Ligand SMILES: Nc1ncnc2c1ncn2[C@@H]1O[C@H](COP(=O)(O)OP(=O)(O)O)[C@@H](O)[C@H]1O
Ligand SMILES: [Mg+2]
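Chains as they are written, first to last, in the numbering used here: chain A, 1 to 401; chain B, 1001 to 1235.
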């Protein structure tokens, strides 16, 4: 037996290729949407991996430091460091902002890291150029995606920083590249008020009779000093000693320090389940819409092609073709359309969307396999209307009136 | 004892029921011997197509008896379970237009029938090409139907009707679109095939050009058949 579907496709290949390419662009967008979601999850995981932390200690009852604002005292780490099972602790601050370089500014996540050595939690784990931060002020390590180069001068708030190192795949969960600066600078950047505000606050403090007590010398100065320094960080990153269970260590920090502590898996859940949940829902909606549109296209085309073959189908039935063979003819054509579409879509996603899309697009092979399965299922379902029309064809039609 | 060929006795077909019922076939009697070609003529609406459809097992009669190739297929009810296989194996069809499958080449248009019956592709194609030799379309065996002239297409359609060596061929105005030379050529081929393969052939026609070629003609009027001797002119 010959493949009727195959022959028909070869005969009308123009129609199939045209429709297949159109469908393929839709499938390409669909695959890219899935890739964007995977990219967001991967960005989130990269953020957690690159932080080098096993535990995140944050302000009580917050989902900090990535999903919600969190601030804790910058000396909290001392107590945490002393807890059993804790190998290393490091203060860290995160602030997403525009970082100026010359004429342009780049949206970046400015990360304040404690002085220390490579391997300290929060530090970029590897560099692609230059060196790590060695001075405690005004040096920066930037992700290569910022477009900054070694030696560039960056402006963050009022201070200038020199780029001394470049790193890679260091991004926030929103995909913004990271810029690492010394913790002290970062604390200042995060909580620094402008000069007018400082003057204003100083004036108000001075005017407050509770603070300005001439009979207590030094009080006013002490208050003003405490107002203009920032003793907060967003989180303390903790590395657990080998042989200790992260969850147990987290439990004891929670109990003794009255702080909220997240383990790696909890943090991942927050990032994926909460921070990017809305984006994921939007992407899912798009996937549904694109699937519906795709199946409508396939259904319409296959139905039209089938209606154009009513006479042939009647003849086929009259000469003894089984219904099964006619169903296979239509279904195989529908699947063929889907396969052409999938191939075009995969190429579109890989060669077009991935390189030019302004967000990280991670095309997972498994997603492609699932996508292919979905395309086949959609094509089979979409052919049902055409199949029903074909099965209704009366072989008597071939004989005529 | 009923021999091979076509035997129809008292065949009836009523479309619909009640007040709107139409008795398309009231009383049809026909005998066509193996190797014989008979004409069936009648005015429009007389029941010709209905008779072919009943014989072709695509509509169910409402009474009477039909025997094809020595086998009772209808006797106040179908006597054959698989009508599809009956059509495939016992009946060759030809229509006013060739109705070739446009996406199959000439050979596969014809070879498709034995293939549907489970004959291997190569064997089926060989049978088709052998028929093409007799029908003088062998040079076009690899062409697509759209590349053929009307006459060539009609001959391919005839090959399709013959390929499974059915004991019965039903042809509905097969010469209507052809000029008289081609029409007569088609009739000659059908006569040759009928003799060679002992096929019983019914040709429904209005075609004045071919009427003189029949030895016997059935007239049908208001669903009733009358037999008449034809001229049976050699051509
Ligand atoms: N499917 C049908 N339903 C109802 N009446 C029909 C149907 N087919 C044919 N008829 C009627 O049966 C009669 C015979 O029709 P038909 O066999 O097509 O005649 P012919 O082919 O000789 O022109 C006509 O009166 C026609 O209107
Ligand atoms: Mg008719």
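The beta-carbon is built from N, C-alpha and C at its ideal position, and this holds for glycine as well. Since this is a predicted model, take the numbers as computed values, not measurements.
Would you kindly report the start and end of the unbroken beta strand (DSSP E) that includes residue i?
i, result
"residue 160 of chain A", "159 to 167"
"residue 1146 of chain B", "Here residue 1146 of chain B belongs to no beta strand (DSSP E), and DSSP marks it neither H nor E."
"residue 182 of chain A", "178 to 182"
"residue 394 of chain A", "Taken as a continuous stretch (DSSP letters only), residue 394 of chain A belongs to no beta strand (DSSP E), as it is neither H nor E."
"residue 143 of chain A", "139 to 143"
"residue 270 of chain A", "Taken as a continuous stretch (DSSP letters only), residue 270 of chain A belongs to no beta strand (DSSP E), being part of the alpha helix (DSSP H) at 264 to 270."
"residue 353 of chain A", "Segment: none, residue 353 of chain A is in no beta strand (DSSP E) and carries neither H nor E."
"residue 55 of chain A", "55 to 58"
"residue 1163 of chain B", "Note, residue 1163 of chain B: premise wrong, no beta strand (DSSP E); not H, not E."
"residue 198 of chain A", "Looking at the DSSP string, residue 198 of chain A is not in any beta strand (DSSP E); the run it does join, the alpha helix (DSSP H), is 195 to 207."
May I ask you to report which of helix, strand or coil DSSP gives residue i?
i, result
"residue 976 of chain B", "Because chain B in this structure spans residues 1001 to 1235, residue 976 of chain B falls outside the shown range and cannot be described."
"residue 12 of chain A", "coil"
"residue 1170 of chain B", "strand"
"residue 1009 of chain B", "strand"
"residue 1092 of chain B", "strand"
"residue 258 of chain A", "coil"
"residue 1197 of chain B", "helix"
"residue 1188 of chain B", "helix"
"residue 108 of chain A", "strand"
"residue 1232 of chain B", "coil"
"residue 1002 of chain B", "Because residue 1002 of chain B carries a pLDDT of 48, less than 50, the predicted location of this residue cannot be relied on, and the following value inherits that uncertainty. DSSP places residue 1002 of chain B in coil when its eight states are reduced to three."
"residue 1179 of chain B", "coil"
"residue 239 of chain A", "strand"
"residue 1227 of chain B", "strand"
"residue 1027 of chain B", "strand"
"residue 1018 of chain B", "helix"
"residue 1099 of chain B", "coil"
"residue 984 of chain B", "Lying before the first or after the last residue shown, residue 984 of chain B is absent from chain B, which here runs from 1001 to 1235."
"residue 126 of chain A", "coil"
"residue 253 of chain A", "helix"
"residue 87 of chain A", "strand"
"residue 97 of chain A", "strand"
"residue 2 of chain A", "coil"
Go through its chain and collect everything with a Cβ distance to residue i's Cβ below 6 angstroms, but skip five positions before and after it.
i, result
"residue 1002 of chain B", "With a pLDDT of 48 at residue 1002 of chain B, under the threshold of 50, the modelled position of this residue cannot be trusted, and the question is left open."
"residue 169 of chain A", "46"
"residue 179 of chain A", "99, 108, 110, 140, 142"
"residue 267 of chain A", "48, 56"
Please list the terminal residues of the continuous alpha helix (DSSP H) segment that includes residue i.
i, result
"residue 331 of chain A", "323 to 347"
"residue 402 of chain A", "Missing from the structure shown is residue 402 of chain A; chain A here goes from 1 to 401 and no further."
"residue 79 of chain A", "76 to 81"
"residue 226 of chain A", "219 to 228"
"residue 310 of chain A", "310 to 318"
"residue 281 of chain A", "277 to 307"
"residue 1130 of chain B", "1121 to 1135"
"residue 1052 of chain B", "1048 to 1055"
Looking only at its chain, what residues have a beta carbon closer than 7 angstroms to the beta carbon of residue i, apart from the 5 residues adjacent to it on each side?
i, result
"residue 1109 of chain B", "1100, 1101, 1145, 1156, 1160"
"residue 105 of chain A", "98, 99"
"residue 102 of chain A", "none"
"residue 1093 of chain B", "1056, 1161, 1170"
"residue 1029 of chain B", "1008, 1009, 1010, 1225"
"residue 294 of chain A", "23, 26, 27, 378"
Is the separation between the beta-carbon of residue i and that of residue j shorter than 9 angstroms?
i, j, result
"residue 338 of chain A", "residue 23 of chain A", "yes"
"residue 1215 of chain B", "residue 1232 of chain B", "yes"
"residue 334 of chain A", "residue 356 of chain A", "no"
"residue 124 of chain A", "residue 238 of chain A", "no"
"residue 1218 of chain B", "residue 1059 of chain B", "no"
"residue 359 of chain A", "residue 80 of chain A", "no"
"residue 373 of chain A", "residue 31 of chain A", "no"
"residue 111 of chain A", "residue 94 of chain A", "yes"
"residue 368 of chain A", "residue 233 of chain A", "no"
"residue 326 of chain A", "residue 313 of chain A", "yes"
"residue 1132 of chain B", "residue 11 of chain A", "no"
"residue 1139 of chain B", "residue 1158 of chain B", "no"
"residue 1046 of chain B", "residue 1222 of chain B", "yes"
"residue 398 of chain A", "residue 330 of chain A", "no"
Less than 8 angstroms between C-beta atoms, sequence neighbours within five positions excluded: which residues of the same chain meet that for residue i?
i, result
"residue 223 of chain A", "205, 211"
"residue 1111 of chain B", "1121, 1124, 1125, 1127, 1128, 1163"
"residue 1198 of chain B", "1004, 1034, 1035, 1167"
"residue 177 of chain A", "106, 108, 109, 142, 143, 144, 145, 146, 170, 171"
"residue 246 of chain A", "54, 55, 240, 263, 264"
"residue 354 of chain A", "32, 35, 361, 363"
**Asked** Quick one, what's near ligand 1 if you take every residue whose CB is closer than 6 angstroms to any heavy atom, in chain order?
**Response** A:401, B:1015, B:1016, B:1022, B:1024, B:1042, B:1044, B:1045, B:1046, B:1047, B:1048, B:1049, B:1050
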